[in-house]
Amino acid sequence: MMRRIALTLVIVMMACGAKPAAAERLVVSLSNHRVAITSSFVGEDLVLFGTIEPDAVKTALRSAYDLVVTVTGPRQTLRTRRKQRVLGIWVNVDSREFVRVPSYLAILSNRPVGQITQQDTLRRLQIGLDNFLLPQRIGPDLADTVRDDPFRLAFVRLEIQQALYSEIGSAVTYLTPTVFRTAIPLPADVPTGNYTIDVKLFADGAIVARTNSALEVTKTGFEQYVADAARDHGLLYGLATMLMALLTGWIASVVFKRD
Amino acid sequence: MQIYLPIADMPVNIFLVLGMGLAVGYISGMFGIGGGFLMTPLLIFIGVSPAVAVASVASHIAASSFSGAINYWNRRALDLALALMLLSAGIVGTATGVWLFTTLRALDQLDLVIGLSYVTLLTIVGGLMIYESVRAVMRARHGLPATIRRPGSHTWLHGLPFKLRFKRSKIYVSAIPVWLIGFIIGFVGAIMGIGGGFLLVPMLIYFLRVPTATVIGTSMVLTLITMASATVMHAATNHLVDAVLALILMVGGVVGAQFGARTGQKMQGERLRLLLGLLVFAVGLRFAYALVVQPDDLYSIRHLGGE
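Note that the protein sequences, when read in sequence, are chains A and B.
Quick note: the first sequence, position 16, residue 16 per my numbering, numbers continuous.
Quick note: the second sequence, position 162, residue 1162 per my numbering, numbers continuous.
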């Protein structure tokens, strides 16, 4: 009895975790691992290159591959609110808290994710904005809701409007059948912090290889200096800003003195 | 030319912000007000988060009111005693306002309260100013003498106890209305992120009968002190003051204010009050419109914090 259970377990584990015998390897490279926000920063497109290689020398490559690149920004907690008319004016009446969701989320693929694999695989691997886990605080628990929950829909829609969330089904292009590139669009108000890049390779609707990379968005130079000062030395920073205001006012009154 | 704002975390066009500073500065110099009630909504409109806008505008107003206050000080058109008296109550009002601000923000009703306060205050004050100045203009047109301030006239406010004499303004009034006005200005300023000059000036004129000669200078001193301390308080507690944004606004603001002041001095008092009344009323209506008309998007997102 025990042996049969153990055997079943092994088979299940092999089916889930083990890679097919003729495995591929993914090698990716990012144009830049550190995005510096300077005073002239207006957003940037980061380029990700990659190749699909056979794991062993003799294994043949398959004819068609699909790629999904998921870029996830630092986690944030956000509240989505809904207005409703109360006594003739529009008031926030209802809200949902989205806990530790990505501040930036881009899902880039060579064709729409729905065409790459079945729905349950997409769901399991959290591929696509519809399938990405966005936990809400529901009472004492944290859980993602159904896909057509109005708050979830509104949240994703607003994030897309701000160019912080995106799902582009034509973003990955093949240079040769095994060399691909994609551009990660970082908007001007991209959140600072650490980003993870997860690249998944599919063949015939099954995941065959997976790799990841990372990038960091930081302020540099003067921008970082100001931001650090404001955060770490708030009082001094405030006094300095106040003095700057008084100085500007004083200079103006001297420059424009009429008599 | 785009420049990245380190605290607002977004790039803006430097000339657009400079232009906004100039335009609001011109208006503020012309009417002797801080202009926060115009600048804060403008910044929110170009995408700066409301919290950063309110905090950064404070230092912009401090700059333009300091520049103005120096001019009035040199002309001795400033009642320091009255300003300090108003201020002492204003601090209590600000503290109450900041407390309410935090509470309402937690309840997600801050936008509503800000909107309602703008509508109520701006339409009432604007409407009263239009009414009063139209009457004054009509009187002048019919050749009647403009008698805004009758030296011997007293209202019930003058019957209150704790009387104080303010020499520079040549008034002798009870401390109660002075304190009350100071409290209201401080309270409203903290909630709405404005200096309150457009409220204070008419209140001082109509309730306390402060002569026009000293009213603007006095209002500017009060605005200067509240906004300078608001800058420091916002920076120390919320870390939301964007110094780069503030500097661009200030430079535009102080230059605009100088030109505005010249235009203002050439205009008749009633005309000036009528214009300001119309402006205040229009901004009030704009806020009323936003509250009553169904918004394009019923949903909105608020950031609660990072990792």
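Even glycine gets a Cβ: it sits at the ideal position worked out from N, Cα and C.
All values reported here derive from a predicted model rather than from experimental measurement.
DSSP three-state assignment for residue i, whether helix, strand or coil
i, result
"N110 (chain A)", "coil"
"R34 (chain A)", "strand"
"G50 (chain A)", "strand"
"V1292 (chain B)", "helix"
"D94 (chain A)", "strand"
"Y1299 (chain B)", "strand"
"L1078 (chain B)", "coil"
"N1071 (chain B)", "helix"
"D228 (chain A)", "helix"
"V1210 (chain B)", "coil"
"Q84 (chain A)", "strand"
"Y263 (chain A)", "Residue 263 (chain A) lies beyond the residue range present for chain A, which begins at 1 and ends at 259; the question has no answer from this structure."
"F41 (chain A)", "coil"
"T70 (chain A)", "strand"
"Q126 (chain A)", "coil"
"V1017 (chain B)", "helix"
"S103 (chain A)", "coil"
"F256 (chain A)", "coil"
"S29 (chain A)", "strand"
"M1001 (chain B)", "coil"
"S1133 (chain B)", "helix"
"F1101 (chain B)", "helix"
Rounded straight-line distance, which links the Cα of residue j to that of residue i
i, j, result
"E97 (chain A)", "S1088 (chain B)", "41 Å"
"F132 (chain A)", "D232 (chain A)", "35 Å"
"Q224 (chain A)", "T1123 (chain B)", "43 Å"
"M1116 (chain B)", "G1196 (chain B)", "Per the sequence shown, the amino acid found at residue 1116 (chain B) is Leu instead of Met. Looking at the two C-alpha atoms, the distance is approximately 16 Å."
"A1095 (chain B)", "A1190 (chain B)", "8 Å"
"R1302 (chain B)", "R1165 (chain B)", "49 Å"
"T1021 (chain B)", "W250 (chain A)", "Before going further, note that residue 1021 (chain B) is Gly rather than Thr in the sequence given. Straight-line Cα distance between these residues: approximately 17 Å."
"G1256 (chain B)", "V91 (chain A)", "37 Å"
"D149 (chain A)", "V1052 (chain B)", "32 Å"
"I1181 (chain B)", "F1066 (chain B)", "21 Å"
"E44 (chain A)", "A171 (chain A)", "15 Å"
"A203 (chain A)", "E53 (chain A)", "13 Å"
"Y1299 (chain B)", "S166 (chain A)", "19 Å"
"P1050 (chain B)", "E159 (chain A)", "18 Å"
"L247 (chain A)", "L1222 (chain B)", "18 Å"
"L67 (chain A)", "V1293 (chain B)", "46 Å"
"L1078 (chain B)", "T1214 (chain B)", "5 Å"
"P74 (chain A)", "Y104 (chain A)", "7 Å"
"S1171 (chain B)", "Y1072 (chain B)", "It is worth fixing the name first, because residue 1171 (chain B) is Ile in this sequence and not Ser. Rounded to the nearest angstrom, the two C-alpha atoms are 19 Å apart."
"V25 (chain A)", "D55 (chain A)", "Correcting the residue identity first, residue 25 (chain A) is Arg in this sequence and not Val. If I take the Cα positions, the gap works out to 5 Å."
"T70 (chain A)", "D198 (chain A)", "5 Å"
"T1120 (chain B)", "A229 (chain A)", "38 Å"
"Q126 (chain A)", "V1201 (chain B)", "60 Å"
"G1093 (chain B)", "A1243 (chain B)", "26 Å"
7 Å Cβ cutoff, residue i in contact with chain A
i, result
"T1123 (chain B)", "no"
"S1219 (chain B)", "no"
"L1104 (chain B)", "no"
"V1137 (chain B)", "no"
"M1250 (chain B)", "yes"
"N1071 (chain B)", "yes"
"L1291 (chain B)", "yes"
"S1117 (chain B)", "no"
"L1298 (chain B)", "yes"
"P1202 (chain B)", "no"
"M1010 (chain B)", "yes"
Cutoff 7 Å; reference residue i; Cβ partners in own chain excluding five residues on either side
i, result
"Q1258 (chain B)", "G1029"
"R152 (chain A)", "L134 and T145"
"P1151 (chain B)", "Note that P1151 (chain B) scores a pLDDT of 47, beneath 50, so its modelled location is shaky; the value from the coordinates is reported in the next line. Hits under 7 Å: none found."
"T38 (chain A)", "T220, G221 and E223"
"T1040 (chain B)", "A1053, V1054, V1057, G1193 and I1194"
"G1036 (chain B)", "V1057, I1061, G1193, I1194 and G1195"
"D130 (chain A)", "R147"
Chain-order list of residues whose beta-carbon lies under 6 Å from that of residue i (same chain, five-residue window excluded)
i, result
"V1017 (chain B)", "I1248"
"S95 (chain A)", "R79 and R81"
"L1274 (chain B)", "S1133"
"V1188 (chain B)", "G1196"
"K200 (chain A)", "V68, I207 and R210"
"V190 (chain A)", "V217"
Proximity test, Cβ basis, 7 Å: residue i and chain B
i, result
"S166 (chain A)", "no"
"F132 (chain A)", "no"
"T248 (chain A)", "yes"
Neighbourhood of residue i by C-beta distance below 8 Å, restricted to the same chain and skipping five residues each side
i, result
"R1076 (chain B)", "R1168"
"M1010 (chain B)", "Y1004, G1047 and V1048"
"Q118 (chain A)", "G205"
What runs of the beta strand (DSSP E), each 3 residues or longer, lie entirely inside the segment 141-222 of chain A?
141-143, 165-168, 173-176, 179-186, 193-203 and 206-219
Note down, one range per segment and in chain order, each alpha helix (DSSP H) of at least 4 residues found wholly within the segment 1256-1292 of chain B.
1269-1292
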